[in-house]
Structure formats: C-alpha cells, structure tokens
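Going down the list, the protein sequences come from chains W and H.
First residue of the first sequence? That's 816 in my numbering, and the numbers climb one at a time after it.
First residue of the second sequence? That's 816 in my numbering, and the numbers climb one at a time after it.
Where is the CB? At the ideal position from N, CA and C, for every residue including glycine.
Number of protein chains: 2
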Amino acid sequence: MNVLEKIVSSVTSFSKSERKVADVILANPQVTIHSSIAALAKMADVSEPTVNRFCRRLDTKGFPDFKLHLAQSLANGTPYVNRHVEEDDGPEAYTAKIFESTMAALDTARQHVDINTINRAVDVLTQAKKISFFGLGASASVAHDAQNKFFRFNVPVVCFDDIVMQRMSAINSSDGDVVVCISHTGRTKNLCDIAAIARENDATVIGITAYDSPLARECTLVLSLDVPEDTDMYMPMASRVAQLVLIDILATGFTLRRGSKFRENLKKVKDSLRGSRFEKKDLAN
Amino acid sequence: MNVLEKIVSSVTSFSKSERKVADVILANPQVTIHSSIAALAKMADVSEPTVNRFCRRLDTKGFPDFKLHLAQSLANGTPYVNRHVEEDDGPEAYTAKIFESTMAALDTARQHVDINTINRAVDVLTQAKKISFFGLGASASVAHDAQNKFFRFNVPVVCFDDIVMQRMSAINSSDGDVVVCISHTGRTKNLCDIAAIARENDATVIGITAYDSPLARECTLVLSLDVPEDTDMYMPMASRVAQLVLIDILATGFTLRRGSKFRENLKKVKDSLRGSRFEKKDLAN
DNA sequence: AATATTGTGTAATTAAATTACATAACAACG
DNA sequence: CGTTGTTATGTAATTTAATTACACAATATT
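Here's what the structure looks like:
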C-alpha cells in the first residue's frame, strides 16, 4: 500500500493534531514533498515533533523518509489514476483522461495477469493444428486482430464474427484444434455455446474473458483481465485495449517458442507487403 | 525526463568525480534514496560537496531534493522505458516488456497528439451525414472497432476492409460525408487512392496515420501518432493500440459534443444487448 | 475527584546539508 | 617547457533541518 492510501485508511486512528497534518498533506501532497518539517508544521498549525510523530506512525523512519515515500506514491499515483471523463471536459481534458485511464488499466492488467496461464496458452497455441478466434460485437475486432497476427505464423488460423460460422466451425473442430473465445463480460450466451460445443469436440478452448464468468466455466484455459472500465461511456474501451495487448503477448510468446529461424518467416511476410506500399522500410499497415 | 534517464543521458558531460557518483547511484538507486550525502560520498569515494554539485547539475535544489526526484523515478519501476523483447526472455519477461512498452508508447502518443486536430476531427464527425472507416491488414481491425463504437451513435457508419468495396464507397461519397483512413505507415498504396477518390468527391478525409506520409498528403485532417515500434517483432503492436485509444477519444468527444440527452441513447443500445447475455449488469462484449 | 494515560508543545541536541574557501589538476598559451 | 588561467575537488566552517528529551496539558479511567 502506498503512503497516500495508508494515510486515508488510517485517518480514524489519528489524533486531533495528526489529523490536521494528514489533511494538509492530502490537500497538497506536491507542496509537502518540497516543504521542510517546519513549514509543514506551520501549515497544519501544529508543532514540528507532531509532524515527526505522524511520520513514524505511518511506518517511516522520520520526516525525510516520509517525504521519500510520499514522492513515490505521487509518482505512480498521478499519471496512472483512472480519472473519469466529465460532462463538461474540453478536448484537452478528455484526451488526457482517456490516455491515462487506458494506461492505468494496462497497469492493473499487468499486475493481475497470470503468467503461468499465459505460458500454458502459448504452449497450447504452438502445438495447435488449427487456431480459431471468435468474438462478437466489440470483441470481434480483437479477434480479427489476433487473426492478422497469427496468420503471419503460417499456421492455419480462422476468425469468425458470425455466430452461424462460429457454430459450424466449432462443431467441426477436433483434438489438437485451439479455439480462442474473446468476451469482456464472459456472459454472451452465443459465445458460451460455441465454447461448449468446441470442447465437446475435443478442442482446447482458451477464454480471454472475465474470471468466473459463464464463458470462463466452459473453457479449458482462462486468461482473465479484470480491468476497471469507465461505465459512464457505455462502451468497452480500456478492456479491449488490454485484450489486444494480451494477444500481442501470446503472439510474442509464440514466435519466441518457435525459435529464431522461424522469425525469418515473419520477415518474409512483412517484406511481402512491400509491393503494396510506397517506398521506405517499415512494418504492417 | 526522469532523473535516472537524465543521469544516463548526461553521463558524457560529467567530470571524473561526478561520474563516480553517477555510477554508484545507477548501480544501487534504492540504496541511494535511503543514504545520507555523507554515506553516498563515501560509497563513490568523493567528497560531500561533489555529491551536492552533482545533484545541482541535474537541476535539483540539492541532495534531499535529488533524492525526492530519484524516488519518483524509481516508483515507476522501469515503466516508461521501451524495453525490447529478447530472444531468450521467459514468459514473465516478455509479458512485462510488452505491457511496459505499450504503456510507454501510449505515453509518447499522449504527449505528441495534437489536441487541436482532435477537436476539429470531432467537429467534422459530429456533423457528418455518413462516416466510413477504412483500413487494410492490421488496421482493418481498428476500423472495425471504430465502426462498432460509432454505430452506437445512431449515425450512418460503414466499414470496409475490402479495397473494391472501399473504392465503390469512396466514389459514391459526397459533401458532408466523412471518410476515416487508418494506416500506421501511411504508405499503403490502395488506401492512398481511396483517400484521393473520396476527396475528389468532396468528402472530408481524416487520416489516422503517420505525419508527412503519402496518405497524410491526401487527407483533409491528419491525426498522427508517431509511436516507437519494436520492429524486431515484425508486427504492428503498440501503434495499433494507440490508434484504438485515438478512436476512443474521438468517440468520447463525439458523445460529449452531442450532450447529455444523447447519452441516454447509448444506454439504450447497451441495454439492448442484455437479452443476448446471461444475467448481471455490464457493458458490451 | 484523583490518577493514569495519552497527546502536544518548547527548548536542547544532534545530524545533515550547504557554503566558503583553499588547494590541486589540468588546459591553453607564450 | 614553464607560466598562467581555468576548472575540478576537498577541507573545514556554517547554516539549516530534524530529532530527542522533557514538561505540561488534555482526556480517560477508576
């Protein structure tokens, strides 16, 4: 827990004077880290030793050490905070907020993702006879993206955003096939059905979805990304970005597992695109 | 730039003794922030004032202030640094690196994006009779995502990833129509053609592409995102995530511009999905 | 109401950082 | 190759900041 959070959570256990100190610090943390103990004591209208005691109560060695901790809290606090877009935000404000909350979401995702499951997913994917990516609505574009990536690996890969096609594909799957079902909520009925059908036909089903959701229960392997979403916008935003990053990770794991000579292959695919482009080096679209 | 980076980048301008200080700090930054100036001076085998001068050279007020800055740099771990995936990285390593470089990319994108152009793009989009999103290859999935978002706004929106359809659509466009062309490099010939055709037919063309690229030159409005890409992987990764965030921003700007009663509409769209889901509230797929 | 107990401030002390100054290393120039 | 100017570095003095020790005040506790 960072110091700022700690202050907030232990507000109740503070004495009157300590609380004054806490209030001042929470109100202007940036100012605090550049103030001396004397200045802060004056701002809070308490004595210097009170400030010192306050610092010790928060398990720091003293005032300078406390400032260090505070500085660290602010460093990851300020930029990563998931600030919600407000009715009267201007372009400057909402642009910054969306970037920041997306980054915050990725940060949470990074902390929560289960490396072990990723590793197993990569395992399964590298051994797949065929890989299918299924998603509906917003998740369909994630599935498309995945197809675009894995297609480069010269492995049979399909992607459907049509439930009928998905269903047919699932029914025709067999042992050695891998089906990746993508859904943020994990509650899309049709996709749960697809997952169940694929499993009944011995395919390995990887779910990129919420942990403990109906879809998750139908999967062999669940990659969950519990990302905070700004529900005011009524659109999946950060969650879908996190899903894409996960796809990138799986694709990267795949290429690494396949070794260096395989990477030559990727270069060939990339180079093949050159004809469709105006001069100068670079990657895909 | 954070202090650690600053130290690295200005290592050449240091004197012999200052360099010793820099080496010690870079070798054990965590220790440094908990050391006194005397302790650090001893570790680096220099005098205390030398350490102090070192701090000042890095534009800090003095040693304590330097420690504060250092603490903040360390708080983010190594987050802003775009670390490349290496041949022998394990799952742990490549997962962390991909998250981090994606976040680093978003951070760069945030700093470089032109708010003014975003605002104008939102303007144009809100007044559009029809919106078309075109992308090829990896950018096609971005276009799909955009369609999914704007479709909720109850505005005529189409999305094609087929050059023939794109071409037909472009030829049929007219004054008041908005065409959004998505391409990371901006050098995909077909897409440049589409942009040119659309403009000849009086459509407004927004390019989500590299600044000063062939595609950019065909556009009315260019939203450029110069994001550093890990070219070793031969796949667009970070760039595409940045494009998606940009789509989110445009969509958000759109809804804000339309006002609060419009937002009710979004809620209705979201609620309409409920029937396709297993119980419990939440957003799209 | 008396007495612990805890909280708070004042003043003294200690520790830390900074400044001023002296000397040493080095570079430029005759 | 020595002289002189410049920059770099260290020593010691000074200042500033933080901490401790102690006394007094407030609040509980019996």
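Of the candidates H/ARG1089, H/LEU841 and H/GLN926, H/LEU841 places its Cα closest to the Cα of H/VAL823.
Within the DSSP secondary-structure output, W/SER947 pairs in a beta bridge with W/VAL973 and W/VAL994.
For W/PRO1029, the number of other beta carbons within 10 angstroms of its own is at least 16, and it is reported as buried. Restricting attention to beta strand (DSSP E) runs no shorter than 3 residues, the segment 1009-1069 of chain W encloses them at 1019-1024 and 1036-1038, ordered along the chain. For H/GLN962, the uninterrupted alpha helix (DSSP H) segment begins and ends at 953-966. Taking C-alpha positions only, H/SER989 is separated from H/ALA1018 by approximately 5 Å. Residue environment analysis places H/PRO864 among the exposed positions, since fewer than 16 neighbouring C-beta atoms fall within 10 angstroms of its C-beta. The three-state reading of DSSP puts W/ARG871 in helix, counting H, G and I together. Short of 8 Å from the beta carbon of H/GLU902, and not among the five residues preceding or following it, lies no beta carbon of its own chain. Here the segment 844-864 of chain H does not lie against the segment 913-925 of chain H, with fewer than 3 beta-carbon pairs under 8 Å apart. Residue environment for W/VAL995: buried (at least 16 other C-beta atoms within 10 angstroms of its C-beta).
Residue pairing of W/ARG1092 in beta bridges, as defined by DSSP: H/THR1003. Here W/HIS959 really is in contact with H/HIS959; their C-beta atoms are around 6 Å apart, less than 8 Å. Separation of W/ALA837 and H/ILE946 (C-alpha to C-alpha, rounded to the nearest whole angstrom) is 52 Å. A distance below 7 Å between beta-carbons, with the five flanking residues on each side excluded, links H/ILE1064 to the following residues of its chain, in chain order: ILE933.
For the set H/ASP992, H/GLY1068, H/VAL839 and H/VAL818, the Cα lying nearest the Cα of H/ALA1013 is the one of H/ASP992. For the segment 1026-1038 of chain W, the beta-carbon criterion of a distance under 7 Å to any beta-carbon of chain H is satisfied by PRO1029. Excluding its 5 nearest sequence neighbours in each direction, H/ALA1057 has C-beta neighbours in its own chain below 8 Å: ALA920, LEU921, ALA924, LEU1040 and VAL1042, listed in chain order. Near chain H, meaning a CB-to-CB distance below 7 Å, no residue of the segment 851-875 of chain W qualifies.
H/THR1000 and H/VAL1020 have their alpha carbons spaced roughly 17 Å apart.
Listed by position along chain W, the residues whose Cβ is nearer than 7 Å to that of H/THR910 are VAL928, ILE930, ILE933 and ILE1064. At least one beta carbon of chain H lies nearer than 8 Å to the beta carbon of W/HIS959. A straight line joining the alpha-carbon of W/ALA1053 with that of H/ALA1025 spans about 23 Å. When C-beta distances to chain W are compared with 9 Å, the residues of the segment 911-924 of chain H below that value are ALA911, LYS912, ILE913, PHE914, GLU915, THR917, MET918, LEU921, ASP922 and ALA924, in chain order. Not a single CB atom of chain W sits nearer than 8 Å to the CB of H/PHE948.
The beta carbon of W/PRO844 does not come within 8 Å of any beta carbon belonging to chain H, so the residue lies off that interface.
Within the segment 829-890 of chain H, the complete alpha helix (DSSP H) runs of at least 4 residues fall at 831-842, 844-847, 852-859, 863-872 and 878-890.
Where W/GLN942 is concerned, there is no enclosing alpha helix (DSSP H), because DSSP gives it neither an H nor an E. Considering only W/VAL973, W/ALA854 and W/ALA953, the residue with the shortest C-alpha distance to H/PHE965 is W/ALA953. For H/SER989, the secondary structure class from DSSP, reduced to helix, strand or coil, is coil. About 6 Å separates the beta carbons of W/VAL973 and W/SER984, which is inside the 8 Å limit, making them a contact pair.
For H/SER916, the enclosing alpha helix (DSSP H) covers residues 906-927. Burial check for W/LYS882: the Cβ neighbour count within 10 Å reaches 16 or more, so the residue is buried.
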